[in-house]
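Heads up: the protein sequence lines correspond to chains A and B, in order.
Under our numbering, the first residue of the first sequence carries the number 473, and numbering increases by one thereafter.
Under our numbering, the first residue of the second sequence carries the number 389, and numbering increases by one thereafter.
Here the structure comes first, spelled out in structure tokens, and everything after it is commentary.
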Amino acid sequence: MKLTPVITQHWDDPTLYTLDGYKSHGGYEALAKALNSDPDSIIALVKDSGLRGRGGAGFPTGLKWSFVPQNDGKPHYLVVNADESEPGACKDIPIMMANPHALVEGVIITSFAIRANHAFIYIRGEVPAAIRKVAYAVKQAREAGLIGKNIQGSGFDLEVTVHSGAGAYICGEETALLDSLEGFRGQPRLKPPFPAIAGLYSSPTVINNVETIANIPYIIDRGVEWFRQFGTEKSPGFKVFAVSGHVQRPGIYEAPLGITMRELLDYAGGMRPGAELKFWIPGGSSVPMLTADHLDLPLTYEAMAEAGTMLGTGTPMVFDQTVSVVKAVTRWLEFYKHESCGKCTPCREGTYWITGVLEKFEHGHGTENEMETLTTLCGQIAGRSFCALGDAAATPYPAAMKYFSHEFTAATHTSADEQFDPIASYVFSGARA
Amino acid sequence: MSQRNEQNVISESTRLKMRELAGRYPNRRSALLPMLHLVQAEQDEVTTEGMAACAEELDITSAEVTAVATFYTMYKYSPVGRHHIGVCINTLCGLLGGDAVYERVAERLDASHNGPSADGNFWLERIECQAACTHAPVMTVDWEFMDDVTPQSAVALIDKLALGEQVWSTRGPMIRDFQATEHTLAMAEDDLATVGNCVDEKMLAGLKIAKSGAQQ
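Set out below in structure tokens:
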């Protein structure tokens, strides 16, 4: 399948991040089109396109927008989730650094469609490189009359606020993000009510991922038929894939949904010299791992679900034969333990216990019984917490056991580092000296 | 180094910026996270006095501000020094060599996780995924990207910073200092958007293939 650069098409133009650069490639033509149409027709068009949320869950974007009650007399808000922190996910930050106006144009169109007069772009605080580019794009758009009062004579007013987070993975969860944006600890809310009914400041709110919103100008400009020529019936469109790990050329590869991992891997130059693929993860540490047996599956929401995993963020991490699965899983659990917000007991306590037991395995001191304990612990977290962080924490171990249980058995007497020399996994040489 | 005065009093100019931030939101309290970044921009850490100033401006209690501040890992409660150094040790970066980078950097700085260097000029932190896995192993200086580091290049970088030499982010502008970055985060803007290159070969990997016609 061919690569199809759309969002990434002009990234080699060093002026793309400026208003003039973006406009020279047809930027903001979609906005003019949108402002001349009826907001409901934009929602309908996005629904028809079949665009699904690119943040991980894959919820249909147009449907999400349509849940916002209209003529309810309340202010509506658009909140862009730019808190990209999922281990392995590295596509929203590059989009914001290279093509921030695609996001800003998408924000204006989306706000117009859902009748929001104030939009917020919540960017994780650890990435000033993305924050300053988005802020600059917003500033230029404001100076050009694309943000503010009576945008291009349409009568539509919009304020856009760029907001920095302060270091908390959980704020990528949409309701935790709302609490954080309201100036509280970022802890998830119970749903329902869903944000479309009671979101930011208890008002109807749409929360969309950066890549989702960056798709909008292209869909409005080129139409449903064009968009649906890419991908499958259930997963239309293209995706900014970010391939990382033990491949020759890690990087950004934009392709239609439905491309296979084998094809992506080929584009990325294959595995590094002398390496064999051991396992890979389609979209962030929160989705189950796959092996070389799954390389020919199409990267779509439905095919990944069928294989027992998820497309997630669509940012495959690839690991070769030098990597200890025990060590990889332990490290991910240490992350979930660190990032659990502490609100729900199963997640707060469970991530603590799982991590402790896994660390025993990493050091070669696990027991057969404790392999059972881990299974039980994961079962007691999954589905028993407010948000998906608990479910995510319960994912890596069972997935690893499906394919690599022998490594955990070996870890009852031999440490991960004795099983697999850590230095062999490094991507640079000279660490042995 | 910290420019703050002896009593840790938040300056009037910072107070004005706090009010400007609060005015950006329909509900003033939304400005709390940026305001705490502003405290770090002025004081190199989040001080009790800084939190009290936030509380005053937002008309909430200091206890509420503390409860929020302590939830977020980017706020520090002793002076960070001139530069914040982050080394990603999440699975992908860590296993691809970030672990070795962290070890060597910790040794060089004589620092441990989430603490100052022996000379007080640096702060070291094992950081989680920085959304740059294509550039692993990743390090940050004052949260600016330092991509594809090795133990040797990381230590060389710190040597330069220690000497006060100019250093550039691999995808961004020149390194300033921790407090300057905190000011950028607080105000969610600075005048460096046009400085430095944000797009590198790895971000163009797929585009290059598509343009070359070497497609399957």
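For glycine and all other residues, C-beta sits at the position ideal for the given N, C-alpha and C.
Roughly how many whole angstroms lie between the Cα atoms of residue i and residue j?
| i | j | result |
| --- | --- | --- |
| B/Ser390 | B/Leu497 | In this predicted model, B/Ser390 has a pLDDT of only 49, less than 50, meaning its place in the structure is not dependable enough to derive any value. |
| A/Thr533 | A/Leu846 | 36 Å |
| A/Ala570 | A/Ile691 | 19 Å |
| A/Gly530 | B/Leu484 | 30 Å |
| A/Trp483 | B/Asp565 | 29 Å |
| B/Gln428 | A/Gln659 | 23 Å |
| A/Arg734 | B/Ala499 | 43 Å |
| A/Leu653 | A/Ser716 | 31 Å |
| B/Gly594 | A/Leu550 | 31 Å |
| B/Asn478 | A/Pro559 | 7 Å |
| A/Gln793 | B/Val489 | 22 Å |
| A/Thr867 | A/Val829 | 15 Å |
| A/Arg657 | B/Ile515 | 20 Å |
| B/Gln603 | A/Thr480 | 16 Å |
| B/Ala598 | A/Val712 | 14 Å |
| A/Asp485 | A/Gly493 | 8 Å |
| A/Ala727 | A/Asp863 | 29 Å |
| A/Asn589 | A/Ala516 | 20 Å |
| B/Ala410 | B/Ala419 | 5 Å |
| A/Glu811 | A/Ser557 | 11 Å |
For residue i, which residues in chain A fall below 8 Å Cβ to Cβ?
| i | result |
| --- | --- |
| B/Ser377 | Nothing in the structure corresponds to residue 377 of chain B, since chain B is present only between 389 and 604. |
| B/Asp507 | The premise fails here: B/Asp507 is roughly 25 Å from chain A at the closest Cβ pair, so nothing lies under 8 Å. |
| B/Asn502 | Those within 8 Å of B/Asn502 in chain A number zero; the least Cβ separation is about 11 Å. |
| B/Phe510 | By Cβ distance, chain A contributes nothing, its closest Cβ being about 17 Å from B/Phe510, past 8 Å. |
| B/Arg559 | Met569 and Ala601 |
| B/Asp487 | Pro894 |
| B/Tyr413 | Thr633 |
| B/Gln603 | Lys474 and Leu475 |
| B/Ala443 | In chain order: nothing, as chain A lies at least about 11 Å away. |
Residues of chain B with CB closer than 7 Å to the CB of residue i, please, in chain order.
| i | result |
| --- | --- |
| A/Thr480 | Gly594 and Leu595 |
| A/Arg734 | None at all; the shortest Cβ gap to chain B is about 10 Å. |
| A/Met789 | Leu480 and Cys521 |
| A/Glu935 | Since the displayed chain A opens at 473 and closes at 905, residue 935 of chain A lies outside it and no answer follows. |
| A/Phe807 | Asn478 and Glu516 |
| A/Cys850 | The contacting residues do not exist; A/Cys850 stays about 18 Å from chain B at best. |
| A/Asp484 | Leu592 and Leu595 |
| A/Val552 | The contacting residues do not exist; A/Val552 stays about 13 Å from chain B at best. |
| A/Tyr673 | Pro414 and Asn415 |
Would you grab the beta carbon distance between residue i and residue j for me? Rounded to a whole angstrom, and I think it's under 8 Å.
| i | j | result |
| --- | --- | --- |
| A/Arg661 | A/Thr647 | 4 Å |
| B/Leu426 | B/Thr454 | No, B/Leu426 and B/Thr454 are not in contact; Cβ-Cβ is about 16 Å, not under 8 Å. |
| A/Ala601 | A/Pro572 | Going by Cβ atoms, the distance from A/Ala601 to A/Pro572 rounds to 11 Å, so no, they are not a contact pair. |
| A/Arg526 | B/Ala581 | The pair is not a contact, with the Cβ atoms about 25 Å apart (cut-off 8 Å). |
| B/Cys476 | B/Gln518 | 5 Å |
| B/Asp535 | B/Arg559 | 6 Å |
| A/Ala554 | A/Ile595 | 4 Å |
| A/His718 | A/Ala764 | So it is not a contact: roughly 13 Å between Cβ atoms. |
Could you pull out every residue in the same chain whose Cβ sits closer than 8 Å to the Cβ of residue i, ignoring the five residues on either side in sequence?
| i | result |
| --- | --- |
| A/Gln624 | Leu503, Ala504, Leu507, Gly617 and Leu618 |
| B/Met439 | Leu424, Val427, Ser450, Val453, Thr454 and Ala457 |
| A/Arg587 | Pro511, Val540, Gln542 and His548 |
| A/His635 | Phe592, Ile593, Tyr594, Ile595 and Leu653 |
So, for residue i: in the same chain, excluding its five sequence neighbours on each side, which residues have a beta-carbon less than 6 Å away from its beta-carbon?
| i | result |
| --- | --- |
| B/Leu480 | Cys521 and Ala524 |
| A/Met776 | Pro754, Met782 and Leu783 |
| A/Glu834 | Val798, Lys799, Thr802 and Ala888 |
| B/Ser531 | As written in the sequence, residue 531 of chain B is Trp, which differs from the Ser given in the question. Only Thr569 meet the Cβ criterion. |
| A/Pro547 | Ser675 |
| A/Leu767 | Met733 and Arg734 |
| B/Ala574 | Pro422, His425, Leu426 and Ala429 |
For residue i, which residues of its own chain have a beta-carbon under 7 Å away from its beta-carbon, when the five flanking residues on both sides are left out?
| i | result |
| --- | --- |
| B/Ser399 | Glu430 |
| A/Tyr773 | Arg524, Gly530, Lys706, Ser707 and Leu783 |
| A/Thr884 | Gly838, Thr839 and Glu840 |
| A/Met789 | Gly560, Ser716, Gly717, Trp752 and Ile753 |
For a contact defined as C-beta to C-beta under 7 Å, what are the partners of residue i on chain A?
| i | result |
| --- | --- |
| B/Phe533 | Ala601 |
Output, in chain order, the set of chain B residues within a Cβ distance shorter than 8 Å of residue i.
| i | result |
| --- | --- |
| A/Leu830 | Near A/Leu830 there are no residues of chain B at all, since even the closest Cβ is about 12 Å away, more than 8 Å. |
| A/His548 | In chain order: nothing, as chain B lies at least about 12 Å away. |
| A/His590 | Pro414 |
| A/Ala714 | Cys521 and Thr522 |
Any chance the CB of residue i is under 8 Å from a heavy atom of the ligand MN?
| i | result |
| --- | --- |
| A/Thr781 | Of ligands this structure carries none, so the ligand MN is not represented either. |
Which chain B residues are close to residue i, counting only those with a beta carbon under 9 Å from its beta carbon?
| i | result |
| --- | --- |
| A/Asp564 | Ala519 |
| A/Trp698 | The premise fails here: A/Trp698 is roughly 17 Å from chain B at the closest Cβ pair, so nothing lies under 9 Å. |
*Taking only beta carbons into account, state which residues of the region 566-580 of chain B come closer than 8 Å to chain A, listed in chain order.*
Thr569, Thr572, Leu573, Ala574, Ala576, Glu577, Asp578 and Leu580
*Which residues, taken in chain order from the region 419-430 of chain B, show a beta carbon closer than 8 Å to some beta carbon of chain A?*
Ala419, Leu420, Leu421, Pro422, Leu424 and His425
*Residues in the region 809-829 of chain A with C-beta within 8 Å of chain B's C-beta atoms, listed in sequence order?*
His810, Glu811 and Cys813
*May I ask you to list, following chain order, the residues of the region 455-469 of chain B that have a beta carbon less than 9 Å from some beta carbon of chain A?*
Ala455, Val456, Ala457, Thr458, Phe459, Tyr460, Thr461, Met462 and Tyr463
*Proximal residues, the region 851-879 of chain A versus chain B, C-beta separation under 8 Å*: none
*For the region 602-614 of chain A, which residues have a CB atom closer than 8 Å to at least one CB atom of chain B, in sequence order?*
Ile603, Arg604, Lys605, Ala607, Tyr608 and Lys611
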